[in-house]
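> Chains as they are written, first to last, in our numbering: chain Z, 692 to 841; chain C, 692 to 841; chain S, 692 to 841; chain W, 692 to 841. The C-beta atom is built at its ideal place from N, Cα and C for all residues, glycine as well. What you are looking at is a predicted structure, and each value in this text was computed from that prediction instead of being measured.
4 protein chains.
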Amino acid sequence: MPREDFSLSYSLRVRWAEVDHQGIVFNGHYLTFFDVGITEYWRAIGYPYPDALAAAGCDTFAVKSTVEYHAPARYDDVVDVLVRVGRIGRSSMQFLLEMRRAEADASETHLVSGEVIYVIADAQARRPTPVPAFLREAIARFERIAPVAG
Amino acid sequence: MPREDFSLSYSLRVRWAEVDHQGIVFNGHYLTFFDVGITEYWRAIGYPYPDALAAAGCDTFAVKSTVEYHAPARYDDVVDVLVRVGRIGRSSMQFLLEMRRAEADASETHLVSGEVIYVIADAQARRPTPVPAFLREAIARFERIAPVAG
Amino acid sequence: MPREDFSLSYSLRVRWAEVDHQGIVFNGHYLTFFDVGITEYWRAIGYPYPDALAAAGCDTFAVKSTVEYHAPARYDDVVDVLVRVGRIGRSSMQFLLEMRRAEADASETHLVSGEVIYVIADAQARRPTPVPAFLREAIARFERIAPVAG
Amino acid sequence: MPREDFSLSYSLRVRWAEVDHQGIVFNGHYLTFFDVGITEYWRAIGYPYPDALAAAGCDTFAVKSTVEYHAPARYDDVVDVLVRVGRIGRSSMQFLLEMRRAEADASETHLVSGEVIYVIADAQARRPTPVPAFLREAIARFERIAPVAG
């Protein structure tokens with residue numbers, strides 16, 4: 692997706708502890724980077740995780756993650772985590788994510804793409820509960836491209 | 692998939708450092724568990740990573756990971772990582788994975804399912820290269836269910 | 692310290708994700724290994740963490756960690772984490788730890804030594820509280836070398 | 692130590708994956724934070740790790756780490772990692788580190804203190820080698836308080 696299709700961009704620098712013997716970020720760590728991006732998304736829409744959800748008696752639980760690896764990130768790379776909400780269902784939300792690295796020649800390298808789908812659940816029972824209206828509204832206000840209802 | 696559809700089962704115990712404030716394993720760590728299972732798969736077919744591949748001048752690079760979360764693993768849980776090869780393409784291999792926890796009543800809880808797809812690549816150039824014949828043969832010998840050619 | 696000075700030995704295998712670009716375990720991960728060893732220590736004395744402590748209204752909080760690095764552990768190494776309690780104070784406990792790798796010639800390589808000191812604290816207020824008598828007794832029964840009172 | 696005794700301060704935000712079931716950062720992760728601070732230190736003195744060292748045929752290997760835990764960092768905390776070099780020996784360097792959190796009332800909470808001692812080693816043989824003169828000089832220029840020769 693073009694960069695302007697994402698609503699949020701967050702920069703982070705790859706740590707030594709995240710790079711493996713091949714000199715590239717271990718494949719699982721991208722989900723940590725996605726999670727950092729999603730943290731910033733909640734903050735950006737005005738509902739920092741987990742307080743606003745907790746106040747509404749609910750929490751998020753991951754139900755699916757996908758990562759497609761296009762090019763490796765390396766130690767000390769400054770990379771952008773791009774985030775948007777792609778789809779909001781009755782009790783689920785799909786985040787779409789992409790990571791990019793700016794190059795010296797002003798081009799960008801597309802590192803990974805992926806998604807994380809969460810279910811909104813009752814914080815105690817951990818059973819699915821409808822996405823609260825305040826969240827739907829905050830996301831609708833924030834997104835450049837309206838999430839698909841699904 | 693039924694347990695007998697997997698060719699390898701490896702047990703591990705969930706560490707304190709892998710569990711988050713919700714008291715459940717952080718979603719990204721399952722890819723580390725998958726990786727541990729895949730390490731054992733290479734060993735089980737007689738080609739421990741990365742030496743046999745390196746001797747053939749090649750290495751593996753992840754191109755896609757998927758995790759579906761069914762039930763959370765918790766601190767100190769002993770869990771099984773189940774592994775099989777689902778598909779072998781010209782230069783790619785798909786691992787299918789599942790994690791389960793044995794319960795006190797002898798039932799099993801299905802925790803997560805997923806896949807990790809690797810491309811076999813030239814170790815230096817990091818460009819795709821055909822899956823070496825010795826690997827195809829070792830996998831064919833090891834698998835209960837023949838991998839799909841893809 | 693000689694191996695027989697430790698009361699517990701726990702084996703684990705180094706994961707790919709724990710090894711850095713130098714091909715050796717990242718220095719911080721040894722504290723995760725120490726933590727795994729300490730988990731096994733609590734289990735071995737009959738009080739698996741955190742339930743027995745929680746039942747007594749208390750928990751443990753790390754106050755100091757030290758790691759001395761003698762030789763690096765590498766990917767796929769099977770290593771032993773050795774644990775004993777070195778000192779028990781009024782509200783603190785010092786674990787002494789060592790990690791070793793068995794070599795093909797039956798010698799052992801001493802990888803790291805260290806300590807982790809915990810304070811026993813009230814679980815709610817997180818203020819130091821005396822080490823419960825049941826713990827002191829369980830440790831005294833388990834240890835080959837009586838912990839120093841301190 | 693007072694904040695002005697440190698030569699470098701680097702801010703980072705605590706990630707969800709770094710916080711454990713107690714709601715606080717797992718004790719081992721502070722060494723990852725220290726490592727991030729040390730990365731920035733090398734950059735700040737003009738010799739980003741590992742290139743300048745590699746060009747001189749050497750690398751750094753941790754020989755000792757210490758962390759003293761004073762107060763816990765929590766999810767989403769913005770924390771400062773403070774770094775200075777405390778001592779330079781013939782072939783070793785001691786980094787002193789501290790982490791702090793700014794509070795709403797403009798006070799600071801002292802989270803942890805520690806040290807990481809590295810040996811400078813030949814990159815191939817991994818045997819200690821004298822600290823290169825260019826490093827000694829860069830550190831001397833950068834530090835507010837002259838490192839102790841040790």
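Give the straight-line distance between the Cα atoms of H720/S and G719/W, rounded to the nearest whole angstrom.
If you take the alpha carbons of H720/S and G719/W, they lie about 7 Å apart.
> By the criterion of Cβ-Cβ separation under 9 Å, what are the contact partners of D726/C in chain Z?
Chain Z residues near D726/C: F717, N718, G719.
> Using 8 Å as the Cβ pair cut-off and three pairs as the minimum, do the segment 821-841 of chain S and the segment 776-785 of chain S touch?
The segment 821-841 of chain S, when compared against the segment 776-785 of chain S, does touch it at the 8 Å Cβ threshold.
> Which runs of the beta strand (DSSP E), 3 residues or longer, sit entirely within the segment 789-838 of chain W?
With a minimum length of 3 residues, the continuous beta strand (DSSP E) runs that stay inside the segment 789-838 of chain W are 799-813.
> Is there a C-beta anywhere in chain Z that falls below 8 Å from the one on E794/C?
So, not an interface residue.
> Restricting to Cα atoms, I'd like to know which of D750/C, D711/C, V716/C, F697/C is closest to H712/Z.
Ranking D750/C, D711/C, V716/C, F697/C by Cα distance to H712/Z puts D750/C first.
> Excluding the five sequence neighbours on either side, which residues of its own chain have a C-beta within less than 6 Å of the C-beta of W733/C, listed in chain order?
The answer, listed in chain order, is P739, Y740.
> Given a cut-off of 8 Å on the beta-carbon distance, is the pair V705/Z and V770/Z in contact?
In contact: V705/Z and V770/Z (Cβ atoms closer than 8 Å).
> Buried or exposed for G714/C, please, with buried defined as at least 16 other CB atoms from any protein chain shown within 10 angstroms of its CB.
With fewer than 16 other Cβ atoms within 10 Å, it is exposed.
> Which residues share a DSSP beta bridge with I779/C?
For I779/C, which the question treats as bridged, DSSP gives the partners M784/C, A840/C.
> At which residues does the alpha helix (DSSP H) containing F752/C begin and terminate?
Element bounds for F752/C: not the alpha helix (DSSP H) but the beta strand (DSSP E), 749-760.
> If F725/Z and G841/Z are in contact, beta carbons under 8 Å, what's the gap, nearest whole angstrom?
Not quite, the Cβ-Cβ distance comes to about 20 Å (not below 8 Å), so this is no contact.
> Quick one: Cα of P838/W to Cα of P763/W, how far?
Between P838/W and P763/W, the C-alpha separation is close to 29 Å.
> Can you grab the Cα-Cα spacing for the pair E794/W / A829/Z, in whole Å?
If I take the Cα positions, the gap works out to 28 Å.
> At a Cβ cut of 7 Å, what residues of the segment 755-774 of chain Z count as close to chain C, listed as they run along the chain?
Hits within the stretch, in order: K755, S756, T757, V758, E759, Y760.
> Mind reading off the beta-carbon distance from V772/C to L787/C? Whole number of angstroms is fine, and I expect it under 8 Å.
Wrong, their Cβ atoms sit about 11 Å apart, outside the cutoff.
> For A814/S and L826/S, I'd like the C-alpha separation in whole angstroms.
Answer to the nearest angstrom: the Cα atoms are 16 Å apart.
> Cβ atoms of V774/W and Y760/S: under 8 Å apart, would you say?
Going by C-beta atoms, Y760/S is not nearer than 8 Å to V774/W.
> How would you list, in chain order, the residues of chain S whose beta-carbon sits under 8 Å from the beta-carbon of R706/C?
Within chain S, the residues near R706/C are T723, D726, V727, T730.
> Using DSSP's beta-bridge definition, name the partner residues of R704/Z.
Bridge partners of R704/Z: V769/Z.
> Taking C-beta to C-beta, are E652/S and V776/S nearer than 8 Å?
Since the first residue shown for chain S is 692 and the last is 841, residue 652/S is missing from the structure and cannot be characterised.
> Report yes or no: is there a C-beta of chain W within less than 8 Å of the C-beta of A829/S?
No, A829/S does not count as interfacial toward chain W.
> Does any C-beta atom of chain W lie closer than 8 Å to the C-beta of D711/C?
Interface residue, yes.
> Roughly how many whole angstroms lie between the Cα atoms of L922/Z and E731/Z?
Nothing can be reported for residue 922/Z: it is not among the residues displayed for chain Z, which extend from 692 to 841.
> Can you give me, in chain order, the residues of the segment 739-755 of chain S that have a beta carbon less than 9 Å from any beta carbon in chain C?
Residues passing the 9 Å Cβ filter: P739, Y740, P741.
> Using 8 Å for Cβ pairs, my map puts Q785/S next to I811/S. What's the rounded Cβ distance?
Actually they do not touch by this definition, with Cβ atoms about 12 Å apart.
> Would G805/C count as contacting chain W if we go by Cβ distances under 8 Å?
So, not an interface residue.
> Return the CA-CA distance between Y766/S and G748/Z, expressed in angstroms with no decimal places.
Spanning the two alpha carbons is a distance of roughly 44 Å.
> For L687/W versus V727/W, is the C-beta distance shorter than 8 Å?
Residue 687/W is absent from the structure shown; chain W starts at 692 and stops at 841.
> Using a beta-carbon distance below 8 Å, is G714/Z in contact with chain S?
Closer than 8 Å to some Cβ of chain S, the Cβ of G714/Z qualifies, so yes.
> Starting from G728/C, follow the alpha helix (DSSP H) in both directions and report where the run begins and ends.
Counting along the chain, the alpha helix (DSSP H) containing G728/C begins and ends at 720-735.
> For M790/W, does the count of other Cβ atoms within 10 angstroms reach 16, so buried, or fall short, so exposed?
Flag for M790/W reads buried.
> R746/S lies in the alpha helix (DSSP H); which residues open and close that run?
Looking at the sequence shown, residue 746/S is not Arg but Ala. Its alpha helix (DSSP H) spans residues 742-746.
> Do D742/W and I836/W have their CB atoms nearer than 8 Å?
Cβ atoms of D742/W and I836/W: not closer than 8 Å.
> Out of A831/C, Y701/C, L722/C, state which residue places its alpha-carbon closest to the alpha-carbon of F717/Z.
Minimum Cα distance to F717/Z is reached at L722/C.
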